[in-house]
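Protein chains in written order, with numbering that gives the first Met the number 0: chain A, 0 to 259; chain B, 0 to 96.
Quick reminder that beta carbons are idealized off the backbone N, C-alpha and C, glycines included.
A short write-up of the structure that comes next.
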Amino acid sequence: MSTATDYLLHLADNALVLGQRNAEWCGHGPILEEDIALSNVSLDLIGQARLLYQLVASLQGGDATEDKLAYFRDTGEFRNYTLLELPHSGPLSGYAHASLDYGTTIVRNFLYSALMALLWEALEKSANADLAAIASKSLKEVRYHLRHSRDWLVRLGDGTDESHARTQAALDHLMPYTQEFWTGSPAEAAAVAAGIGVDLQTLKADWDGIVDAALTEATLKRPLLEGYVSEGKKGLHSEHLGFLLAEMQSLARAHPNGNW
Amino acid sequence: MTTELKEWPLWEVFVRSKQGLEHKHCGSLHAADAAQALDMARDVYTRRQEGVSIWVVPSAQITASNPDEKGELFDPAADKIYRHPTFYEIPDEVGHM
């Protein structure tokens, strides 16, 4: 693995895994308009993943393809944040009967979009021209994802007692996983040194500002962070990623050279 | 007596295409308020690059003519062909009318 491909795979896996997760809402959205909105978000993310995998495949050369990278790598080879692979269900048993919890979906999309709106903007200046171009395209998309998820965060947080409680529970559940954003990895450090990547520590103050402003508007309380810091970007995942990949990869693996 | 509003209100969506000069009605959707209606219109009605500008209007705010009065309202214009300005040559400098 070269410096660039390791870092690019981290970005690509983030987009693919969250795209796959959000796609679970397709046909199950709370209302028709939201169903379409979330499918749009998914397609944007999968589109970003495709561009990044194509770039990795061209750097690797040989018989590497975007499909091989997406469908024929196993759990331990994926470099996405653990946050993005978690299911859409909240941690409260009273609410967890709903396997798809929209508050969880919205909180996660908000926390990740707030990061990527900053990161894609910074990556527009990447020393890798292809990555800089992908960043420019993705920035427009993620700005809308942030707008969409922030809007719902405020509506749900500052909504009914029920929606407030569920959104706060989702926030308490997911926020600790954002600690992974701010702990370094060898791939990130190497990419920063090479001028390809961005040191996320330089974005943290802005991210805190975006998050705190939205949470205040949504009347939600920012949980204190402590305890376990997830390490998905180093390939150490929760048990949930295996199930997600099994569903996503099974068709391609059953028909390895299939075309459709 | 007040009845609880169970469904979000309906909004009419108007989209202006890249080539068009006017916003054209393209459909309707349910949304909690105007800002949300705009976002949803973006997702529902401009996915295939249909537009560069969106208007949303509360459907309840539209006053419509009565279909039963179609005859008296519109038929009398049918035989007044002289009202169509097709007999004039419009100079190029005038541009779009």
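The beta carbon of glutamine 35 of chain B falls within 8 Å of a beta carbon belonging to chain A, placing the residue at that interface. A distance of 8 Å or more separates the beta carbons of threonine 103 of chain A and alanine 164 of chain A. Neighbourhood of asparagine 39 of chain A in chain B, by CB distance below 7 Å: Asp42 and Arg46, in chain order. Straight through space, the alpha carbons of phenylalanine 86 of chain B and isoleucine 80 of chain B are spaced by roughly 11 Å. By DSSP's assignment, isoleucine 53 of chain B forms a beta bridge with B:Val14. Within chain B, not a single residue places a beta-carbon under 9 Å from that of alanine 22 of chain A; the smallest gap is close to 15 Å. The beta-carbon of aspartate 38 of chain B is placed less than 8 Å from the nearest beta-carbon of chain A.
The Cβ of glutamate 230 of chain A sits no closer than 8 Å to any Cβ of chain B.
Our two residues, leucine 244 of chain A and arginine 20 of chain A, have alpha carbons roughly 10 Å apart in a direct line.
In chain order, His95 place their CB closer than 7 Å to the CB of leucine 20 of chain B, counting only its own chain and leaving out the 5 sequence neighbours on each side. Selection A:Leu240, A:His254 and A:Gln200 evaluated against leucine 114 of chain A yields A:Gln200 as nearest (Cα-Cα).
Taking valine 56 of chain B as reference, the option from B:Lys5, B:Glu11 and B:Glu6 with the minimal CA-CA separation is B:Glu11. For leucine 28 of chain B, the chain A residues whose C-beta falls within less than 7 Å of its own C-beta are Glu32, listed in chain order. Secondary structure at glutamate 92 of chain B: helix, using DSSP grouped into helix, strand and coil. Distance from the CA atom of leucine 250 of chain A to the CA atom of asparagine 127 of chain A, rounded to whole angstroms, is 33 Å. For serine 112 of chain A, the uninterrupted alpha helix (DSSP H) segment begins and ends at 101-122. Interface with chain B (8 Å Cβ-Cβ cutoff): histidine 147 of chain A is included. Distance from proline 8 of chain B to alanine 59 of chain B at the Cβ level is roughly 7 Å; contact confirmed, criterion being Cβ atoms closer than 8 Å.
By the Cβ test, the segment 220-238 of chain A is in contact with the segment 77-88 of chain A, since at least three Cβ pairs between them sit closer than 8 Å. At a cut-off of 8 Å between beta carbons, aspartate 100 of chain A makes no contact with chain B. Going by C-alpha positions, threonine 45 of chain B is about 20 Å away from glycine 18 of chain A.
Residue-level contact by beta carbon fails for aspartate 171 of chain A and chain B, as no gap is shorter than 8 Å.
The continuous beta strand (DSSP E) containing histidine 29 of chain B extends over residues 23-29. Lysine 67 of chain A and glutamine 18 of chain B have their C-alpha atoms some 41 Å from each other. Look at leucine 224 of chain A here: in three-state DSSP terms it is coil, with no helix or strand label. In this structure, the CA atom of arginine 72 of chain A is about 12 Å from the CA atom of threonine 64 of chain A.
Bounds of the alpha helix (DSSP H) holding arginine 149 of chain A are 128-156.
Pairwise C-beta distances place the segment 186-193 of chain A out of contact with the segment 136-154 of chain A, as fewer than three of them are shorter than 8 Å.
Looking only at A:Met174, A:His27, A:Ser41 and A:Leu51, the smallest Cα-Cα distance to alanine 3 of chain A is reached by A:Leu51. Within the segment 149-166 of chain A, the residues whose Cβ lies closer than 8 Å to some Cβ of chain B are Asp150 and Arg154, listed in chain order.
Within a 10 Å sphere around the beta-carbon of valine 93 of chain B sit fewer than 16 other beta-carbons, which makes this residue exposed. Counted as a single uninterrupted DSSP element, the alpha helix (DSSP H) harbouring proline 185 of chain A occupies residues 185-192.
By the neighbour-count criterion, in which 16 or more other beta carbons inside 10 Å mark a residue as buried, serine 52 of chain B falls on the exposed side.
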